[in-house]
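Presented below is the structure to which this report refers.
Residue numbers (this note's numbering), protein chains in the order written: chain A, 314 to 917; chain B, 314 to 917.
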């Protein structure tokens with residue numbers, strides 16, 4: 314199989330040249346690292362992905378995780394990748410030295426795991442969730458909990474999970490009912506059910522550490538009564554041996570995609586012997602969990618962006634190899650004695666390929682932008698800087714989670730179509746990418762929830778300051794690009810669209826001010842799509858601007874065609890994607906209230 | 314399992330009240346039928362689908378067709394449904410009495426099979442393709458061939474297929490190389506390979522009759538050298554016993570969806586003992602095959618429309634039963650002590666449901682419109698009528714095939730999202746609809762090919778007369794709706810969009826006139842989407858107009874809410890779907906030529 318599942322040049326170009334990793338490396342925290350060493354780290358992950366991830370991509374789909382007699386069986390490669398992720402420092406990469414970490418920038422880790430996601434999206438979730446669970450313990454847990462659990466998680470010996478969702482509550486966390494009853498022994502007795510727990514159990518893990526949202530007896534109702542607990546599958550006895558902690562696996566959800574990545578239904582305390590240890594403060598569990606949520610949401614966007622990339626590379630290779638059909642000659646006919654064209658020569662196939670390239674690479678830039686904001690925020694040296702990047706990050710997080718997931722489905726859909734009938738056949742991986750990517754708009758808050766977050770919380774944040782800051786960043790690029798004759802028209806167009814978003818908000822805001830939040834948020838999904846396309850248009854302009862400068866100044870690191878292809882892709886995005894927001898604007902400005910429930914039910 | 318996979322009231326409403334089946338029944342050919350008898354026929358198919366199709370929908374996905382030792386094994390229900398389809402008159406429905414048919418209108422058959430498609434889209438292809446193959450024999454075959462093969466096909470005893478695609482040719486039929494060598498015995502020796510043959514072989518069929526495109530020795534190159542052959546799996550000996558005809562099954566393609574509907578790779582004449590009989594004239598095979606293609610393309614659109622309907626009904630039922638989350642109160646907060654809302658009460662869920670309803674029911678009306686044109690054309694009593702409906706049918710065929718397939722994917726995608734995480738799980742059928750529907754934009758000419766057909770052949774047909782006729786039909790509804798105060802604005806909007814399509818063509822046509830067909834057709838897919846949305850907007854206006862009239866005149870056959878819900882859905886379509894064509898217009902009018910291959914390859 315080809316290992317062309319990812320375009321490493323573009324990845325490095327976006328990380329180094331567009332988002333300027335070197336500026337991050339100037340910071341105190343990263344003084345032991347330089348571009349060269351981090352570049353080697355990324356290369357080592359590509360090599361690791363070539364050897365240990367990509368070869369199992371199809372196989373893991375064909376032999377899905379399954380539940381039998383209380384145990385979930387997964388592909389043997391899960392254990393290998395967990396171990397290797399420990400050894401390579403993937404799990405510990407972003408932690409402080411004192412916590413056993415490597416103090417590698419978050420951006421670099423995202424770039425590395427992006428390669429893994431593109432190689433085989435069924436595997437990186439296991440180490441990534443373990444990292445997330447360990448972060449919660451390090452951030453909020455007692456020293457004792459840190460010492461007992463974190464080292465084995467960072468080494469990939471033990472897995473980690475986040476347990477939020479319950480059967481009766483779904484996305485509505487205020488309805489969580491898992492119980493935590495205090496005891497006199499420093500722990501709580503946990504009882505309840507959690508569903509959709511990724512990496513929740515697998516036969517070859519020595520132990521799994523669950524970070525569980527639960528409600529202490531008599532806690533307040535709603536999200537303000539939720540606490541966070543560390544609940545190991547096997548608890549550690551005084552002699553350091555392990556003892557079963559009454560965490561039972563009820564089932565493994567069988568899914569349309571990501572079939573090698575187990576999704577479990579767990580039951581805590583069936584025999585009233587499940588112990589949990591409070592992490593952080595009572596009733597602050599949700600807030601604590603959500604401090605990690607930005608990272609988790611970037612990770613979801615990253616996974617979708619990587620799948621879109623892999624699908625693009627796969628369909629591009631096919632289009633470059635498959636002969637079929639002929640060009641129309643000037644009389645509008647085809648000459649059957651002529652040699653067949655490669656399908657990449659047909660404009661419609663080219664449209665499908667450029668669509669994929671524009672979405673996949675645009676999404677990549679979006680992920681690394683958010684990662685850069687995350688890095689700056691976490692190493693900020695002034696309150697001003699911290700406030701600014703906090704707002705910028707909060708503003709784009711819902712977009713970062715949603716755009717690659719939603720546009721990624723469109724991209725992979727076009728990748729599948731590029732292969733015609735073969736795209737639908739299991740001999741080819743396009744159909745697997747198509748199935749796998751579909752979960753990303755559901756993970757960690759659906760597109761609906763992200764859109765409510767964007768329009769309902771982020772836009773009004775600090776009286777609109779977050780959106781102002783984002784607009785200012787966009788304007789910087791517009792101003793620079795306006796002085797480039799080849800880019801001026803594109804810059805003008807983006808500037809117009811950016812202004813139009815203010816008109817939309819002027820139309821919608823009065824509903825919020827009058828307390829009619831239902832109306833204000835009814836079309837939040839459309840606003841999400843609108844703003845996402847504006848942001849990705851900005852990122853493409855930024856790339857085209859850099860490419861134009863490198864070409865004009867002859868300061869190229871890559872081939873001429875590399876830069877020219879970026880400018881062409883920007884033009885694609887501005888011709889075919891940017892205009893979509895005119896339609897969205899029209900729908901958003903419409904006075905027709907057709908999705909709000911009226912006195913009668915019209916949806917029958 | 315619920316049998317609410319189809320909305321029979323809406324089906325009948327669109328067939329009887331919108332497309333006025335009674336006007337078709339006035340025709341000589343249908344004098345033995347009346348609305349009552351045909352209504353009973355449709356009801357009997359619903360009953361049949363409830364009992365014999367829907368219960369096996371999930372099971373057929375979970376136990377896909379497979380190939381072993383030269384035989385394809387399918388679900389036992391395939392044989393049952395073939396037999397019953399024969400008994401119920403489904404296969405013979407539209408044939409002449411003298412050919413063993415029932416002379417049932419094509420529209421009524423489409424309505425009936427639509428129910429079957431919605432119940433279980435893995436099954437109706439077997440009898441439908443058998444019908445198509447039999448049509449070719451009846452239309453073009455000798456009396457001997459008709460007598461020997463057709464009765465057993467119409468009774469469902471023998472299956473039938475269409476064999477077009479070859480491995481090296483794909484959609485490019487001019488590259489077909491399957492050979493037909495004349496003999497002195499009235500038959501030809503056939504040798505070659507065909508792929509993607511739906512229903513091509515199954516273990517419990519007594520015989521399968523293949524209609525094969527092949528090239529007689531020394532035939533002209535290209536599509537003008539292709540002839541049509543009847544090639545049975547088992548040929549009929551003089552004593553009427555069957556003898557193997559050297560048609561071997563090489564493989565069954567394993568697919569992402571429609572896994573119960575086998576897709577075979579066939580080899581003809583491996584042992585130089587495969588006999589084929591010419592059907593119709595030498596070298597006219599493609600033209601003959603394409604006479605049946607309109608019916609086949611309506612059938613593809615019908616299948617996609619039906620899956621979109623089934624997915625809508627399933628997600629609607631879920632949304633009406635699943636409690637989750639709460640409304641925001643006037644302070645923008647949620648009260649956790651309040652009872653949870655049903656998810657159908659959330660505007661964003663309502664948007665996803667109405668999107669599905671608008672696409673699914675709009676597609677249904679489109680299918681039945683094409684079927685009506687087909688019926689009128691085939692019973693035309695004057696040359697004028699025949700010419701008119703020939704052009705109207707040709708004009709909308711690519712749209713009928715494409716819109717339900719492409720918009721159907723969008724609809725089912727929203728159905729899956731309505732269920733959140735459960736939508737991705739195999740316990741629920743949404744993920745199956747999502748996988749199944751994806752093949753429809755590839756079947757019988759991909760969306761790319763349909764779009765080239767629409768803009769390249771149908772629009773210029775008879776100097777634009779086909780498009781003129783369609784526009785005139787649309788204008789009729791616009792004029793009528795303009796006199797209804799509640800609909801006037803919608804009618805005006807549609808009128809504007811219809812006019813805009815002329816501007817787009819004025820922009821594009823000069824390219825064709827200058828012989829630059831590549832540029833003319835480069836964005837044919839976008840024009841397809843544009844015109845499709847115009848057409849479906851028209852069909853929704855037509856429905857809303859009828860609903861408005863029935864409500865005002867109090868001539869309702871259905872409940873008030875039934876009609877009101879149609880008007881609401883039209884409003885949904887005009888708020889959320891119709892504006893999309895503004896974006897398409899902008900892309901179509903753009904001078905940027907970004908998908909046409911230039912001197913260098915920018916897609917890297």
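Ideal Cβ positions, reconstructed from N, Cα and C, are used throughout, including at glycine.
Between the alpha carbons of residue 912 (chain B) and residue 623 (chain A) lies a gap of roughly 27 Å. Beyond the five residues adjoining it in sequence on each side, residue 685 (chain A) comes within less than 6 Å, by CB distance, of 332 and 420 in the same chain, given in chain order. Taking the beta carbon of residue 658 (chain B) as reference, the chain A residues within 8 Å of it are 910, listed in sequence order. Within chain A, no residue has its beta carbon less than 8 Å from that of residue 575 (chain B); the closest one is some 13 Å off.
Counting only residues of its own chain and dropping the five nearest sequence neighbours on each side, residue 465 (chain B) has a CB closer than 6 Å to the CB of 471.
In the DSSP assignment, residue 463 (chain A) is bridged to no other residue.
Per DSSP, residue 671 (chain B) lies in no beta strand (DSSP E); the unbroken alpha helix (DSSP H) holding it starts and ends at 660 to 691. Residue burial is scored here from C-beta neighbours: residue 320 (chain B) has at least 16 other C-beta atoms within 10 angstroms and is therefore classed as buried. Less than 8 Å separates the beta-carbon of residue 515 (chain A) from that of residue 391 (chain A). In the DSSP secondary-structure assignment, residue 535 (chain A) is not bridged to any residue.
Interface with chain A (8 Å Cβ-Cβ cutoff): residue 753 (chain B) is excluded. Residue-level contact check: residue 888 (chain A) touches chain B, since one or more beta carbons of chain B fall below 8 Å from its beta carbon. What residue 905 (chain A) touches in chain B, judged by beta-carbon distance under 7 Å, is 884 and 888, going in chain order. Distances from the alpha-carbon of residue 344 (chain B) to those of B:361, B:553 and B:409 put B:409 closest. Per DSSP, residue 606 (chain A) is one residue of the alpha helix (DSSP H) stretching across 606 to 634. Assignment of residue 769 (chain B) by DSSP, reduced to helix, strand and coil, places it in the helix class. The alpha helix (DSSP H) runs of length 4 or more contained entirely in the segment 803 to 855 of chain B are, from start to end of the chain, 830 to 834. The beta carbons of residue 708 (chain A) and residue 771 (chain A) sit about 5 Å from each other, so the pair counts as a contact at 8 Å. Selection B:681, B:700, B:696 and B:733 evaluated against residue 637 (chain B) yields B:733 as nearest (Cα-Cα).
Residue range 540 to 545 is occupied by the beta strand (DSSP E) that includes residue 545 (chain A). Nearest Cα to residue 476 (chain A) within the set A:468, A:491 and A:469: A:491. In this structure, the alpha-carbon of residue 852 (chain A) lies about 12 Å from that of residue 783 (chain A). Taking C-beta separations shorter than 6 Å and ignoring five residues to either side along the sequence, the partners of residue 764 (chain B) in its chain run 837, 838 and 841, following chain order. Within 9 Å of the CB of residue 739 (chain A), the CB atoms of chain B belong to 566, 567, 568 and 569, in sequence order along the chain. Boundaries of the beta strand (DSSP E) around residue 511 (chain B): 501 to 511. Proximity to residue 412 (chain A) across A:369, A:454 and A:808 peaks at A:454, based on C-alpha coordinates. Annotation for residue 440 (chain A): the continuous alpha helix (DSSP H) segment containing it runs 438 to 453. Around residue 663 (chain B), the beta-carbon contacts reaching into chain A at under 8 Å are 908, 909, 910 and 916.
According to DSSP, residue 580 (chain A) shares a beta bridge with A:506 and A:561.
Using a C-beta cut-off of 8 Å, the segment 503 to 512 of chain B makes contact with the segment 570 to 589 of chain B, since at least three inter-stretch Cβ pairs fall below that distance. In the structure shown, residue 475 (chain B) adopts extended strand secondary structure according to DSSP, grouped into three states.
Within the segment 718 to 739 of chain B, those residues whose Cβ lies closer than 8 Å to any Cβ of chain A are, in chain order, 722, 726, 729, 730, 733, 734, 736, 737, 738 and 739.
Nearest to residue 635 (chain A) by C-alpha distance, out of B:832, B:484, B:739 and B:742, is B:484. When rounded, the separation of the alpha-carbon atoms in residue 358 (chain B) and residue 674 (chain B) is 19 Å.
Under the 8 Å criterion on CB atoms, residue 815 (chain B) is classed as non-interfacial with respect to chain A. Going by DSSP, residue 525 (chain B) is part of the beta strand (DSSP E) stretching over 521 to 529.
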